[in-house]
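Residue numbers (this note's numbering), protein chains in the order written: chain A, 394 to 930; chain B, 989 to 1470.
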Amino acid sequence: MRRFVIGQAKNLIDQTRRRPRPHHNNIRLLSLLASDPIPVSSSRFFSDMTGSDSSSSLPVTLDSINPNVLKCEYAVRGEIVNIAQKLQDDLKINKDAYPFDEIIYCNIGNPQSLSQQPITFFREVLALCSHTALLDRDETHALFSTDSIARAWKILDQIPGKATGAYSHSQGIKGLRDAIAAGIEARDGFPADPNDIFMTDGASPGVHMMMQLLISSEKDGILCPIPQYPLYSASIALHGGSLVPYYLDEASGWGLEISELKKQLEDAKSKGITVRALAVINPGNPTGQVLSEENQRDIVDFCKKEGLVLLADEVYQENVYVPDKKFHSFKKVARSMGYGEKDISLVSFQSISKGYYGECGKRGGYMEVTGFTSDVREQIYKVASVNLCSNISGQILASLVMSPPKPGDESYESYISEKEGILSSMARRAKTLEEALNKLEGITCNRAEGAMYLFPCINLPKKAIAAAEAAKTAPDTFYCKRLLNATGIVVVPGSGFRQVPGTWHFRCTILPQEDKIPAIVNRLTEFHKSFMDEFRD
Amino acid sequence: MSLKALDYETLNENVKNCQYAVRGELYLRASELQKEGKKIIFTNVGNPHALGQKPLTFPRQVVALCQAPFLLDNPNVGMIFPADAIARAKHYLSLTSGGLGAYSDSRGLPGVRKEVAEFIQRRDGYPSDPELIFLTDGASKGVMQILNCIIRNQKDGVILVPVPQYPLYSATISLLGGTLVPYYLEETDNWGLDVNNLRQSVAQARSQGITVRAMVIINPGNPTGQCLSEANLREILKFCCDERLVLLGDEVYQQNIYQDERPFISSKKVLMDMGAPLSKEVQLISFHTVSKGYWGECGQRGGYFEMTNIPPRTVEEIYKVASIALSPNVSAQIFMGLMVSPPKPGDISYDQFVRESKGILESLRRRARIMTDGFNSCKNVVCNFTEGAMYSFPQIKLPPKAIQAAKQAGKVPDVFYCLKLLEATGISTVPGSGFGQKEGVFHLRTTILPAEEEMPEIMESFKKFNDEFMSQYGDNFGYSRM
Chain A
394 MRRFVIGQAK
404 NLIDQTRRRP
414 RPHHNNIRLL
424 SLLASDPIPV
434 SSSRFFSDMT
444 GSDSSSSLPV
454 TLDSINPNVL
464 KCEYAVRGEI
474 VNIAQKLQDD
484 LKINKDAYPF
494 DEIIYCNIGN
504 PQSLSQQPIT
514 FFREVLALCS
524 HTALLDRDET
534 HALFSTDSIA
544 RAWKILDQIP
554 GKATGAYSHS
564 QGIKGLRDAI
574 AAGIEARDGF
584 PADPNDIFMT
594 DGASPGVHMM
604 MQLLISSEKD
614 GILCPIPQYP
624 LYSASIALHG
634 GSLVPYYLDE
644 ASGWGLEISE
654 LKKQLEDAKS
664 KGITVRALAV
674 INPGNPTGQV
684 LSEENQRDIV
694 DFCKKEGLVL
704 LADEVYQENV
714 YVPDKKFHSF
724 KKVARSMGYG
734 EKDISLVSFQ
744 SISKGYYGEC
754 GKRGGYMEVT
764 GFTSDVREQI
774 YKVASVNLCS
784 NISGQILASL
794 VMSPPKPGDE
804 SYESYISEKE
814 GILSSMARRA
824 KTLEEALNKL
834 EGITCNRAEG
844 AMYLFPCINL
854 PKKAIAAAEA
864 AKTAPDTFYC
874 KRLLNATGIV
884 VVPGSGFRQV
894 PGTWHFRCTI
904 LPQEDKIPAI
914 VNRLTEFHKS
924 FMDEFRD
Chain B
989 MSLKALDYET
999 LNENVKNCQY
1009 AVRGELYLRA
1019 SELQKEGKKI
1029 IFTNVGNPHA
1039 LGQKPLTFPR
1049 QVVALCQAPF
1059 LLDNPNVGMI
1069 FPADAIARAK
1079 HYLSLTSGGL
1089 GAYSDSRGLP
1099 GVRKEVAEFI
1109 QRRDGYPSDP
1119 ELIFLTDGAS
1129 KGVMQILNCI
1139 IRNQKDGVIL
1149 VPVPQYPLYS
1159 ATISLLGGTL
1169 VPYYLEETDN
1179 WGLDVNNLRQ
1189 SVAQARSQGI
1199 TVRAMVIINP
1209 GNPTGQCLSE
1219 ANLREILKFC
1229 CDERLVLLGD
1239 EVYQQNIYQD
1249 ERPFISSKKV
1259 LMDMGAPLSK
1269 EVQLISFHTV
1279 SKGYWGECGQ
1289 RGGYFEMTNI
1299 PPRTVEEIYK
1309 VASIALSPNV
1319 SAQIFMGLMV
1329 SPPKPGDISY
1339 DQFVRESKGI
1349 LESLRRRARI
1359 MTDGFNSCKN
1369 VVCNFTEGAM
1379 YSFPQIKLPP
1389 KAIQAAKQAG
1399 KVPDVFYCLK
1409 LLEATGISTV
1419 PGSGFGQKEG
1429 VFHLRTTILP
1439 AEEEMPEIME
1449 SFKKFNDEFM
1459 SQYGDNFGYS
1469 RM
C-alpha cells in the first residue's frame, strides 16, 4: 500500500511540475502532494518536529488555528465598532438610557450608508445589464435615459452571449478592460494595456494577491507608511511577512521624506529583512495628504534604485479637495520621467468604492500591473484564476467609473451635477470638521487634502493616559470609547493605523450628510470640553 | 537596468507550486485558438450561462430594481416589473444600510443570513443560527478563508482531500503553504470512499507527527458527480469524530441531482440526526453558492458557509479575517436571499419560476444521461454515470503508444489527449491530471452544460476523434462499455 501510494504521489508531482527546477525544494512539493505524507528520503524534514499539541479535543479552536490569523488586526471594524453595534441594538429598546438618539458611524469610508446617492447613469446601466430582457421592451425607453440604454448594449456586446451571470476571463471582461485602459490613458496621457489590468472584488483582493506573491517568509518586508490603512498590516501579517514602517511627518502635512525611507530600508536590511516593496497610499488614508509631483518622482527613483516594487494605492484619486494639490498617478509620473516597463515594477490599485461614486457594496476595482516579466505575470494570472473571476456587476461599474459620460452625452449634465455636488460637499465637510477639530483644546488637525478622513492629533493629558492604563486600554481607544458612549459618534483610534509612539490620534470620516455635521460638531465639542475638564493636568 | 524587484526566482514558492488546471494549459490553448477564429466549445468550467442557459427571470427583475431604486418611485414601474418582484426589491433594499452600494456587515446582511438560516432549517429540520452563517464572494472565497484559518504550516493543519478533487482545494492549500493528504475515491465502486483507507492514512500521518485537522468532502462530487448516501455520511462523520477532524462539506451542487436512489442529504442533517454526543462535538463547515444548481449565477460571486460546533472565540477570529475584506458584494447577497426563499405558490411569478427551474433541471438530467452513454459508446472509454453536479469524468484508457507519444511531446498523457481533442474538435476540456487520479489512469473532465440540442453533435464529434485516436495509437483491441 505504501509503495502504491508513494507512486501516486510521484504521479501527481510529475504532472504538476512545469519546468525543471534544480534548486527546487523537493520536500515542500512532496509534502504538498504525498498521499503517504512521509516521503522515504526526507528524514530531515521532520527533524525539528516536536509533535502536535492534541490537548484540545476539538480540531479547530483558538489554540489550533493559524497563528497568523490571531496576529492580524483590523481596527476599522474592530472593538469600538462592536461596542457601537451593541449600543445601536440597545438604543432600539432603551431609547432613554442614552444621551444621544442615534449612532453615527464615522469609522469607515462607506458613503452610501450615510445617504450619499449613487450616480444615476451608472445605476441605470447596471440595472439594464442585470435584467437584459428590459432592453427588448418599448416601455424601457420611458424609464431609462437613451445613453444608458446605448451603453448597456455596448457593454453586453462585449460579454460573450450577453451572459452577465457567467464567469468571465479571470482578468475581467476584455471589452471592459479596454475601456479602463482607455480611461487610464485619457487620465495620464500615457498608454495603458488592457492585458495589464486585473479586475478584483474591490481593490483589497488585489493587495492581498501582491502580498502573496511578494512574501515567502517573515524575512520578506514591505515598507508601509505610518499611519497606514490597516489592510496592509493585516495582509502582511496574514501572509507571514514583516511590515517595515516609514513614518509620515505630521508637522509637514504628513510629508513623505526619502531620507526616512532610506533609513528604514537600511534598518530592515541590518535585521536580515529583504524589503520587497514600497506601499504608498495617495491620496493618503488615514492622513489625507496628496503627494507633490516632486515627491512622487523621488519615490519612483527610490524604488528603481533599490529594486522595490512600488505598490501605489490610488483608490482616492478622485477625492482631492484643495486647489493647490492635484492627483498624479504614479504611472504617469514614472512614464513622464522616461521610465518604462524595464525600469520600474509598479502596481496601481483603483476601486469603485471611493471617489464620488462610493460603490463600496458592489465590490469592484482593479490593479494595473506593469514592469514585470511575463513569467511573473503568468503567476499573477494563475492566482487570479483560482477564484475564477471578480463579480461582473463590479466589473461593469469599474469600466463606467473609468469612462463616464462625456460632454454632449444625454446624461452628461445630470452626471456632472451629481459628481460635483458630491465632491464639493465633501470638500465643505472636510473643511468644516477640520476647523471644528482645530478649535478643540489640545487637538491639532492637518487638513484633509484628499481621501475621506480627518486624522486629528490629541494631546492627551497625563491623567487621561493614566486612566487609560488603569482601564488596560490604549489612551486613544480610551478617548474614542468615551466619545462613543457620550455622543454615539464612532471613530477609529489612531493605534489602529499606527502612529509615532507617544502620539495619539483618531480617524473620523467626513461622510455624514452635511445637515448632520453641525450636530456632530456640537456634540464632539461638548464631549471634548467635559473630557478635558475631567482629565486636564 | 535596475535590479528586478520581483522576478520569477524571488516569487513566493507557494505561488509557483499552486496549480489550477480548470483555467490552465488547456483553457489557455483553447483561448488562443478561439482568437484565431476556431469555434471552441468551452466545457472546462461549470459556467452554465456561458453555454446558453438563461438566467431565471424573477431574481434578475428583483436585482435590476435594487440596482436602480429610483425606478421604484416611477409610476410606470408596474408596467414592466411584476408586483412581487417590486415588493421583493423593496424588502431587500430595506435590509441593506444604504442600498447595493454600501458595505454590509462583514458577515453579510443580517436579514439575508436569517433567510439562509430559515432555508437550512426547512431543508434539514433542525434550527440554524444566522450568526454562524457568513456570506462570501462565492463559495471559493469562503473555502479559502476557512483553509487559511486551519492551516498552520506544512505539518499542522493538514487537510484530507478527495482524489479526484476540484482543484480549488489543492491550489489553495498550496498557496497557504499547507499539506494535502489525498484519499482516493474508488472509480469501480461508483467513486465510493473507503473509511478504512482513510483511517490508515491519518494514523500513518499522526505517527509521524503530522497533525491532520480537516477532511473535505464534495457532495455531490466534483469532478466525479457521485452523491453520498446517508450511510456514507454517517461513516464519515463518525470518522471525523474519532480522528478529531473538522469536516468541510462542499455542497455547492446540492440542487443538481440526476438520480432518485440517493437524493441530497446535507452533512448537517445527518450530523444532527446522529444526536449527541456527535452532534455537539463534530465540527462542520458547510458551503453553498448561487453559481450552480439551476441558478448558475457564477458571475455574481455569491456564496455562504455555515459553521457547526465552532467555538465562539474562533468564530470571532474568522469574523475578523472576513472584516479585512470589508464585505461580500451586496447584489450577490440578494441573489442568495432569493435563492433560499424563492417565489411561493400563489406568488405572481411562481409559475414562471417553476417552469424555468424545472426546465433547466430536467434538461440537465437528460444531458447527464446523454453524455454518459455517449462516452460509454466510445472505444477505450468508460464513464461512470453523472449522479449529480455538472460534470462528466470519463476514463480514457490510453494505449501505450499514446503514452509514449505524449512523453515525447513533453506532455502528461491526458493533457496530450485533451490537446489533440481540442485541436480536432474545438472541445475544451480539463485533463484528469488537473484533479488528481491514480497513477497510470487517465481521465478528462467535461461539463454537461452545452445546450441539449447541440449534445448529439458534440458527442459524435468526440467519438469520431476518440475512435480515430485509438486506432492511430492502439493495438486495435478496442473496448467500450456499451
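We treat Cβ as the ideally placed atom computed from N, Cα and C, and that holds for glycine.
If you're wondering where the values come from, they're calculated on a predicted model, not measured in any experiment.
Residue i classed as buried or exposed, judged by whether at least 16 other C-beta atoms fall within 10 angstroms
| i | result |
| --- | --- |
| B:GLY1362 | buried |
| B:PHE1457 | buried |
| A:SER810 | exposed |
| A:HIS534 | exposed |
| B:LYS1004 | buried |
| A:ASN461 | buried |
| B:PRO1043 | buried |
| B:ASP1093 | buried |
| B:GLN1271 | buried |
| B:ASN1064 | exposed |
| B:PRO1388 | exposed |
| B:GLY1087 | buried |
| A:GLU919 | exposed |
| B:ILE1253 | buried |
| A:ARG929 | exposed |
| B:ASN1002 | buried |
| B:ALA1397 | exposed |
| A:GLU813 | exposed |
| A:VAL883 | buried |
Start-to-end residues for the alpha helix (DSSP H) that takes in residue i
| i | result |
| --- | --- |
| A:SER635 | From DSSP, A:SER635 is part of no alpha helix (DSSP H) but of the beta strand (DSSP E) over 635 to 640. |
| A:THR533 | 533 to 536 |
| A:THR830 | Note that residue 830 of chain A is Leu in the sequence shown, not Thr. Unbroken alpha helix (DSSP H) run through A:LEU830: 805 to 832. |
| A:TYR560 | It is not in any alpha helix (DSSP H) - A:TYR560 carries neither H nor E in the DSSP assignment. |
| A:PRO598 | 597 to 607 |
| A:HIS921 | 910 to 928 |
| A:PHE515 | 513 to 523 |
| B:MET1067 | 1065 to 1068 |
Boundaries (first-last residue) of the beta strand (DSSP E) holding residue i
| i | result |
| --- | --- |
| A:GLN743 | 739 to 744 |
| A:TYR759 | 758 to 763 |
| B:THR1084 | Here B:THR1084 belongs to no beta strand (DSSP E), and DSSP marks it neither H nor E. |
| A:LEU952 | Outside the displayed span of chain A (394 to 930) sits residue 952 of chain A, for which this structure offers no information. |
| A:PHE720 | Premise fails: A:PHE720 is in no beta strand (DSSP E) and is neither H nor E. |
| B:PHE1122 | 1121 to 1124 |
| B:THR1199 | 1199 to 1206 |
Residue i Cβ short of 8 Å to the ligand MN heavy atom set
| i | result |
| --- | --- |
| A:GLN682 | Of ligands this structure carries none, so the ligand MN is not represented either. |
Per-residue contacts from residue i into chain B (C-beta, under 8 Å)
| i | result |
| --- | --- |
| A:GLN682 | Residues of chain B passing the Cβ test: none, with the nearest at roughly 23 Å. |
Chain B residues whose Cβ lies nearer than 7 Å to that of residue i
| i | result |
| --- | --- |
| A:LEU463 | GLU1305 |
| A:ALA535 | ASN1064 |
Proximal chain A residues relative to residue i, where beta-carbon distance stays under 7 Å
| i | result |
| --- | --- |
| B:GLN1055 | ARG516, LEU519, ALA520 and SER523 |
| B:CYS1406 | Correct list: empty, because the minimum Cβ distance to chain A is about 13 Å. |
Where residue i meets chain A, residues with beta-carbon distance less than 9 Å
| i | result |
| --- | --- |
| B:LYS1129 | ASP594, PRO598 and ASN780 |
| B:ASN1184 | What B:ASN1184 touches in chain A: nothing, since even the nearest Cβ is about 11 Å away. |
Contacts that residue i makes with chain B (C-beta to C-beta distance below 9 Å)
| i | result |
| --- | --- |
| A:LYS547 | Ordered by position in chain B, no residue passes the 9 Å Cβ test against A:LYS547, which lies about 17 Å from the chain. |
Which runs of the alpha helix (DSSP H) fall wholly inside the stretch 1286 to 1342 of chain B and span at least 4 residues, in chain order?
1300 to 1312 and 1318 to 1328
Mind the definition here: the stretch 1279 to 1289 of chain B touches the stretch 556 to 575 of chain A only if three or more C-beta pairs lie below 8 Å; say whether that holds.
yes
Any alpha helix (DSSP H) of 4 or more consecutive residues that is wholly inside the stretch 1149 to 1191 of chain B:
1156 to 1163
Every unbroken beta strand (DSSP E) inside the stretch 1376 to 1450 of chain B [3 residues or more]
1432 to 1435
Taking only runs that begin and end inside the stretch 647 to 672 of chain A, name each unbroken alpha helix (DSSP H) of 4 or more residues, in chain order.
651 to 663
At which residue ranges does the stretch 1235 to 1295 of chain B contain complete alpha helix (DSSP H) runs of 4 or more residues, listed in the order of the chain?
1255 to 1261 and 1266 to 1269
Mind the definition here: the stretch 853 to 865 of chain A touches the stretch 733 to 749 of chain A only if three or more C-beta pairs lie below 8 Å; say whether that holds.
no
When you compare the stretch 1243 to 1263 of chain B with the stretch 1205 to 1216 of chain B, are there three or more beta-carbon pairs, one atom per stretch, that lie closer than 8 Å?
yes
Meets three-Cβ-pair contact criterion under 8 Å: the stretch 529 to 543 of chain A and the stretch 796 to 806 of chain A
yes
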